Structure formats: structure tokens, C-alpha cells
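To convert, note that position 158 of the sequence shown is 158 in the UniProt record's numbering; the numbers rise steadily by one, no gaps.
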Amino acid sequence: MPLQRLTLAVTPFQQNCSLVWCGRTHAAALIDPGGELPRLRAAVAERGLDLQAIWLTHAHIDHAGGAGQLARETGRPIVGPHRGDQFWIDALAQQAQMFRFAPAEPFVPTRWLEDGDTVTLGDESLTVRHCPGHTPGHVVFHHAGSGVAFVGDVLFAGSIGRTDFPGGNHAQLLDSIRMRLWPMGDDTVFVPGHGPESTFGAERRTNPFVGDGA
Ligand SMILES: [Zn+2]
Ligand SMILES: [Zn+2]
């Protein structure tokens with residue numbers, strides 16, 4: 001029983017929140033709890049999991065909007081994203097207004113993440129890669145043992161993240177994908193922030209924005 005996972009699409013933006021856990025110890029984390037906290041907490045409880053942490057890929061409201069409240073209610077740490085997203089955390093109230101989300105509770109991450117860091121759940125460890133471009137502090141979580149990566153809004157099936165927000169950088173995003181995601185291997189399955197899963201190999205073959213023929 002290696003790393004187990006379940007994707008739950010939350011918020012009006014259908015953001016893919018991932019519940020991940022160690023199959024042996026049942027230690028669990030929620031990646032990007034953007035909202036719909038009762039549903040997320042029910043998914044944890046139904047499986048008898050021990051929620052240990054909240055992990056954030058980046059601080060856009062659809063990904064981080066529920067993190068502050070969930071951390072307060074559960075007493076669990078918020079891990080990530082990278083410090084480059086501090087200004088997006090500071091702007092959560094404005095983001096909520098702009099996108100008509102419920103007000104988000106402010107928070108301070110317990111731990112900022114850096115490229116090459118490790119996060120652990122029971123027996124399972126995931127490697128953190130800093131992948132700026134969509135936001136300056138965006139990170140990705142990679143579990144090499146099961147060949148899966150949680151990539152937030154860096155890469156989607158058939159598309160890539162937007163770079164027209166403050167702090168976005170298109171060239172940097174392409175570098176992040178080519179230099180930090182592709183080396184994880186063509187067989188790696190990725191869970192994007194929105195929409196269906198795919199593999200890096202499929203995207204290298206067919207993605208019009210960042211495929212090998214682009
Ligand atoms: Zn985003
Ligand atoms: Zn998003």
C-alpha cells in the first residue's frame with residue numbers, strides 16, 4: 001500500500017483538491033483545500049485517516065481559500081507554498097471579492113517550502129520542486145515511488161497555467177515545466193489544479209504550448 005490518493009473538485013472553479021495518505025499509517029494531507037471544507041473533512045473521516053497537514057501549491061484563492069479555516073479548526077500546519085507567494089496570501093481578501101468567493105481566513109504558513117525540500121506522510125515522502133511562472137512561489141509535489149505529481153496550475157492536460165496575473169512569467173513557466181517536470185519521467189501521472197489527469201509523456205507529445213514540437 002504505497003501512497004493513496006483521491007481527488008475532490010471544489011469551489012466554483014472546480015479546483016482539484018487532493019487527499020493523499022500513507023496506506024500503512026493512514027497519515028494524510030490535503031493538497032490545496034480551496035473550499036468546501038465539510039466535504040473535505042468528511043472524505044478524511046470516512047476513510048479513518050489522520051489528517052496531519054495542509055499542503056499548498058500556490059496561494060490563489062481557489063487553492064488556498066480554505067487553508068486558514070481548516071488549519072484553525074484542525075490545529076494542523078500549513079506547509080507551503082514558497083515565499084514568493086506571500087503577496088498572494090496577503091491579497092486573499094481582495095481575491096475573494098474579485099472572484100466572489102466567501103471571505104478567506106488569513107493565515108501564515110507554518111513552513112515555507114524550497115526547491116528540493118521533502119514532505120512526509122508516515123512511510124511516504126514527496127519531493128518539492130519550485131515551479132514559478134503561474135505564480136512566483138508555486139511548488140509541485142512529486143511522489144517518485146508511485147510516479148505521481150501534484151502540479152497545481154503549472155500544467156494541465158492540453159494546456160498550461162495562465163501567466164497574465166501579477167508576478168506571472170510565461171518564459172519562466174515553460175522553463176519550470178521543461179526543466180523540473182519533464183525530468184520526472186514520461187510515465188509520471190500528474191494531477192493538475194483543474195480538469196483531467198494526464199502524463200508528462202502525453203503532454204510532451206501533444207501539448208500545443210509546451211510539447212516537444214511546440
Ligand atoms: Zn492559480
Ligand atoms: Zn487554480
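Ideal Cβ positions, reconstructed from N, Cα and C, are used throughout, including at glycine. Keep in mind the model is a prediction, meaning the values are calculated, not measured.
Residue i - DSSP class collapsed to helix/strand/coil
i: GLU124; result: strand
i: VAL108; result: coil
i: ASP115; result: coil
i: HIS63; result: helix
i: ARG129; result: strand
i: ALA43; result: helix
In DSSP terms, what residue i is bridged to
i: ASN169; result: According to DSSP, ASN169 bridges with nothing at all.
i: CYS22; result: LEU3
i: CYS17; result: LEU8
i: ILE89; result: The partner list for ILE89 (beta bridge, DSSP) is empty, contrary to what the question assumes.
i: ASP50; result: ALA27
Residue i versus residue j: straight-line alpha-carbon distance, rounded
i: LEU181; j: ASP212; result: 13 Å
i: LEU49; j: PRO2; result: 15 Å
i: THR118; j: ALA96; result: 31 Å
i: VAL139; j: THR206; result: 24 Å
i: ARG129; j: VAL108; result: 21 Å
i: ARG83; j: ILE89; result: 10 Å
i: LEU174; j: MET184; result: 15 Å
i: ASP85; j: ASN169; result: 14 Å
i: GLY23; j: ALA29; result: 12 Å
i: THR135; j: PHE165; result: 8 Å
i: LEU51; j: PRO103; result: 24 Å
i: ARG178; j: GLY35; result: 31 Å
i: ILE61; j: LEU92; result: 6 Å
Nearest to residue i (by Cα), restricted to the options the options
i: PHE141; options: THR25, ALA67, VAL79 and ARG41; result: VAL79
i: ARG111; options: ILE160, GLU73 and LEU56; result: LEU56
i: PRO192; options: HIS63, ASN169, SER125 and GLY84; result: HIS63
i: ALA9; options: ALA27, ALA157 and ILE31; result: ILE31
i: PHE13; options: ARG100, LEU51, PRO77 and ALA67; result: ARG100
i: GLY75; options: GLN172, ALA93 and ALA53; result: ALA53
i: PHE209; options: GLY161, PRO196 and MET179; result: GLY161
i: GLY68; options: GLY137, LEU126, GLU105 and GLY116; result: GLU105
Cβ of residue i within 8 Å of any chain D Cβ
i: ARG5; result: In summary, chain D is missing from the structure at hand, where a single protein chain is found.
Which runs of the beta strand (DSSP E) fall wholly inside the stretch 134 to 212 and span at least 3 residues, in chain order?
-> 139 to 143, 148 to 152 and 189 to 192
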